[in-house]
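Below: one structure, written as structure tokens.
Listed below in structure tokens is the structure:
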């Protein structure tokens, strides 16, 4: 998932190990603990390592996403131009901004999950043709839950999971804890093959291979962790 | 890389940014806490700081109409004529109409209603277009979400806030929104915290920066003086 060698100053590679393609990773935790930063890091390390990525921007529009990544010196623009990243922006239209789709950037709506799934289908097919493995990030479910009934969001997640695993991708999905009724959170947990919990101080990882944990901090270079157990 | 703008609160810029501004530009900050701890005063200071530096301000007021705002601000000895009512000050007044006051819109005064968040968003769009033609950057205040929630479904208010945030950020604005702690369901409160960029908590004694783009958690004592909030 992250490089496991000396150049990986973040230690995330050691903490997370190898995640098999076709799996869904649920990243959850309270607001403002670094979940989005982890997504940017996951996205950028994939792109740098030659794995294309599907990114569903559901917390920030494309412009904000680029701006926030730049704070860490992660530049998205070259990958948008080369088509290695396929972005579905479901928020910018809410601002009343009229922008057309391009090859690598599609605009959809947080209120129209059917359209989102169509675009996910097109995106996963196009990335699947480019590379035998790719990454998919959905950051996050918070706004999607604010605009849609929770049962519909769960159906979206099931469809999304199928799409990503059929295309042999690794899907990272972000959820802010405490924003929906507990039973829907339980269902989300059940859908995931791999779970990562951020609480502001430590990261807990849970998968079929067992549990691991580490302390973490957010630096100019992204998330760094230590004390892996 | 992070551009920070001045909050207008003495002491806060030093606490967060070492003196060169505090709130990250083009982000949205949630100011929350119990009633009567200075959330609206924080809003006035933030808006005033922009106005004295010739930055337009778009103020969405659900608690006070124009007259009340003028009076509240005058209490702190600020030059009202340079503040409320100036051509850089755009006000969406969502409360005067429901108290039965006769008001008519002008180029920078937009009466709306807390009962009608859609109308508030339409007026917001109109105001932002005017501001954008004047200035590439501006400030905005939404004071408060609590009142909107009292008149509408809470999740609808979250959706309206999402639209507000997207519009402000896409247009180059920097905003603060206020919310009274504990007035909504905890799920809604978590959502609010998730969709803003920065979070500042006020409790009457201490100001806690719970989240701020590019900086960690910070805490300092504050007082409300005759010239507004002052952070030690």
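Chains as they are written, first to last, in my numbering: chain X, 1 to 229; chain Y, 1001 to 1232.
A virtual CB, placed ideally from N, CA and C, is assigned to each residue, including glycine.
> Does the region 1083–1092 of chain Y come close enough to the region 1060–1072 of chain Y that 3 or more CB-CB pairs lie under 8 Å?
Replying inline: In short, these stretches touch, since the Cβ pair count reaches three.
> If you follow the alpha helix (DSSP H) that residue 164 of chain X is part of, which residue opens it and which one closes it?
Replying inline: Its alpha helix (DSSP H) spans residues 150–166.
> Looking only at its own chain, which residues have a Cβ that is under 8 Å from the Cβ of residue 11 of chain X, when we skip the five neighbours before and after it?
Replying inline: The residues are 214, 224, 225, 226 and 228.
> Quick one: what does DSSP say residue 5 of chain X is sitting in, helix, strand or coil?
Replying inline: Because residue 5 of chain X sits at a pLDDT of 48, beneath the cut-off of 50, its placement in the model cannot be relied upon, and the following sentence gives the value as read from the coordinates. In the structure shown, the three-state DSSP call for residue 5 of chain X is coil.
>> On the CB-based measure, 16 or more other CB atoms within 10 Å of its CB, does residue 52 of chain X come out buried or exposed?
In response: Within a 10 Å sphere around the beta-carbon of residue 52 of chain X sit 16 or more other beta-carbons, which makes this residue buried.
> Using the beta-carbon of each residue, which ones in chain Y are nearer than 7 Å to residue 149 of chain X?
Replying inline: The contacting residues do not exist; residue 149 of chain X stays about 10 Å from chain Y at best.
> Does any C-beta atom of chain Y lie closer than 8 Å to the C-beta of residue 100 of chain X?
Replying inline: No Cβ of chain Y is located within less than 8 Å of the beta carbon of residue 100 of chain X.
> What residues from chain X crowd round residue 1167 of chain Y, counting only those whose CB sits closer than 9 Å?
Replying inline: For residue 1167 of chain Y, the chain X residues whose Cβ falls inside 9 Å of its Cβ are 94, 95, 96 and 97, in order along the chain.
> Closer than 8 Å, CB to CB, is residue 5 of chain X near chain Y or not?
Replying inline: Here residue 5 of chain X scores only 48 on pLDDT, less than 50, and its place in the model should not be relied on; the value that follows carries that caveat. With a threshold of 8 Å between beta carbons, residue 5 of chain X makes no contact with chain Y.
> Hey, out of Y:1026, Y:1090 and Y:1157, whose CA is closest to residue 1048 of chain Y's CA?
Replying inline: Closest by alpha carbon: Y:1090.
> So, residue 1077 of chain Y versus residue 1201 of chain Y, is the Cβ gap smaller than 8 Å?
Replying inline: By the CB criterion at 8 Å, residue 1077 of chain Y and residue 1201 of chain Y fall outside the cutoff.
>> Need the endpoints of the alpha helix (DSSP H) that residue 291 of chain X sits in, please.
In response: Past the boundaries of the shown model lies residue 291 of chain X; chain X is included only from 1 to 229, so the question cannot be answered.
>> Do residue 1212 of chain Y and residue 1190 of chain Y count as a contact pair if the criterion is CB distance below 8 Å?
In response: No. Outside cutoff.
> Looking only at C-alpha atoms, which of Y:1130, Y:1192, Y:1232 and Y:1097 sits nearest to residue 1160 of chain Y?
Replying inline: The candidate whose alpha carbon is nearest that of residue 1160 of chain Y is Y:1192.
> By how many angstroms is the C-alpha of residue 1125 of chain Y removed from the C-alpha of residue 5 of chain X?
Replying inline: Caution is warranted here: a pLDDT of 48 is assigned to residue 5 of chain X, below 50, making its placement in the model unreliable, and no coordinate value can be reported.
> What residues in the region 1016–1041 of chain Y bring their beta carbon closer than 8 Å to a beta carbon of chain X?
Replying inline: Result list: 1026.
>> Is there a C-beta anywhere in chain X that falls below 8 Å from the one on residue 1187 of chain Y?
In response: Taking Cβ atoms only, chain X reaches closer than 8 Å to residue 1187 of chain Y, which makes this a yes.
> Across which residues does DSSP place residue 87 of chain X in a beta bridge pair?
Replying inline: Beta-bridge pairing links residue 87 of chain X to X:55 and X:105.
> When you compare only the Cα positions, how much space is there between residue 1009 of chain Y and residue 1162 of chain Y?
Replying inline: Whole-angstrom Cα-Cα distance: 26 Å.
> residue 1007 of chain Y by DSSP, collapsed to three states: which one?
Replying inline: Here residue 1007 of chain Y sits in coil by DSSP.
> Could you give the C-beta distance for residue 1020 of chain Y and residue 71 of chain X, rounded to a whole number, given that I count them as a contact under 8 Å?
Replying inline: The beta-carbon distance between residue 1020 of chain Y and residue 71 of chain X, rounded to whole angstroms, is 16 Å. This is too long to meet the 8 Å contact definition.
> Using the beta-carbon count (16 or more within 10 Å), is residue 175 of chain X buried or exposed?
Replying inline: Residue 175 of chain X comes out buried.
>> Using the Cβ count rule (16 or more neighbours within 10 Å means buried), how would you classify residue 1219 of chain Y?
In response: So residue 1219 of chain Y ends up on the exposed side.
> What are the partner residues of residue 1093 of chain Y, as DSSP defines its beta bridges?
Replying inline: Answer by DSSP bridge pairing, in chain order: Y:1061 and Y:1111.
>> I'd like to check one pair, residue 179 of chain X with residue 1217 of chain Y: are the Cβ atoms closer than 8 Å?
In response: Result no, Cβ atoms of residue 1217 of chain Y and residue 179 of chain X do not sit closer than 8 Å.
> Going along chain X in order, which residues have a C-beta closer than 8 Å to the C-beta of residue 1214 of chain Y?
Replying inline: Using a Cβ-Cβ cut-off of 8 Å, residue 1214 of chain Y is close to 71 of chain X, given in chain order.
> Do you know how far the Cα of residue 1229 of chain Y is from the Cα of residue 1055 of chain Y?
Replying inline: Approximately 21 Å, taken between the alpha carbons.
>> Cutting at 6 Å between CB atoms, please list the residues of its own chain near residue 1074 of chain Y, excluding the five before and the five after it.
In response: For residue 1074 of chain Y, where only same-chain residues beyond five positions count, the Cβ hits under 6 Å are 1080.
>> Using C-beta distances below 8 Å, list every residue in its chain close to residue 58 of chain X, excluding the 5 sequence neighbours before and after it, in chain order.
In response: Excluding sequence neighbours, residue 58 of chain X sits near 90, 91, 110, 138, 139, 140, 141, 142, 143 and 144.
> If we ignore side chains and look at the alpha-carbon of each, how far apart do residue 1174 of chain Y and residue 1140 of chain Y end up?
Replying inline: For residue 1174 of chain Y and residue 1140 of chain Y, the distance between alpha carbons rounds to 6 Å.
> Rounded C-beta distance between residue 80 of chain X and residue 88 of chain X? I'm assuming under 8 Å.
Replying inline: 13 Å between Cβ atoms; not a contact.
> Between the region 19–26 of chain X and the region 181–198 of chain X, do three or more beta carbon pairs fall short of 8 Å?
Replying inline: A contact between stretches requires three or more CB pairs, one per stretch, nearer than 8 Å, and the region 19–26 of chain X meets this requirement with the region 181–198 of chain X.
> Thinking C-alpha only, which one of Y:1169, Y:1129, Y:1177 and Y:1172 is nearest residue 1146 of chain Y?
Replying inline: Comparing Cα-Cα distances from residue 1146 of chain Y to each of Y:1169, Y:1129, Y:1177 and Y:1172, the minimum goes to Y:1177.
> Which term fits residue 1185 of chain Y, buried or exposed, when burial requires 16 or more other beta carbons within 10 angstroms of its beta carbon?
Replying inline: If you draw a 10 Å sphere on the C-beta of residue 1185 of chain Y, you find fewer than 16 other C-beta atoms in it, and that means exposed.
> Excluding five sequence neighbours on each side, which residues of the same chain lie with their C-beta closer than 6 Å to the C-beta of residue 1108 of chain Y?
Replying inline: If we look at residue 1108 of chain Y and ignore the five residues flanking it on each side, its Cβ neighbours are 1090.
>> At a CB distance below 8 Å, what residues from the region 1136–1170 of chain Y approach chain X? Give them in sequence order.
In response: Answer in chain order: 1155, 1158, 1159, 1162, 1163, 1166, 1167, 1169 and 1170.
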